[in-house]
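Numbering-wise (UniProt numbering), the sequence shown opens with residue 1 and increments by one.
A short write-up of the structure that comes next.
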Amino acid sequence: MHFSAGLSGYVAELGAAFLAADLGLCIEPCPDHASYIASWIKVLQNDTRAIVQAAAHAERAVAYLHQLAAPEAIEEAV
């Protein structure tokens, strides 16, 4: 699936949140979060699967970053 610039931003935002959670980091809200979430609502009104697809892409991206950080740990787990 090809993501438009807007949806790729959602993948990036979700990926950042997933990675921060994995690393135990606390993310502070930004002033523009409310407007950003409002734009997500508009996307979901047109495509209810968008959030699931974006989350799946974000999860794969985070897994890739973890593999780059410690490839031997990933190989040992498999």
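Backbone N, C-alpha and C define an ideal beta-carbon position, used for all residues, glycine too.
The model shown is predicted, which means the values in this text are computed figures rather than measured ones.
Per DSSP, Glu28 lies in no alpha helix (DSSP H) segment and is marked neither H nor E. In this structure, Leu44 places its C-beta atom within 8 angstroms of the C-beta atom of Ala50. Put simply, the region 14 to 26 touches the region 48 to 65. At least three CB pairs are less than 8 angstroms apart. Residue state for Arg49 is assigned as coil, using DSSP reduced to three classes. Using a 10 angstroms sphere on the CB of Tyr10, the tally of other CB atoms reaches 16 or more, which defines it as buried.
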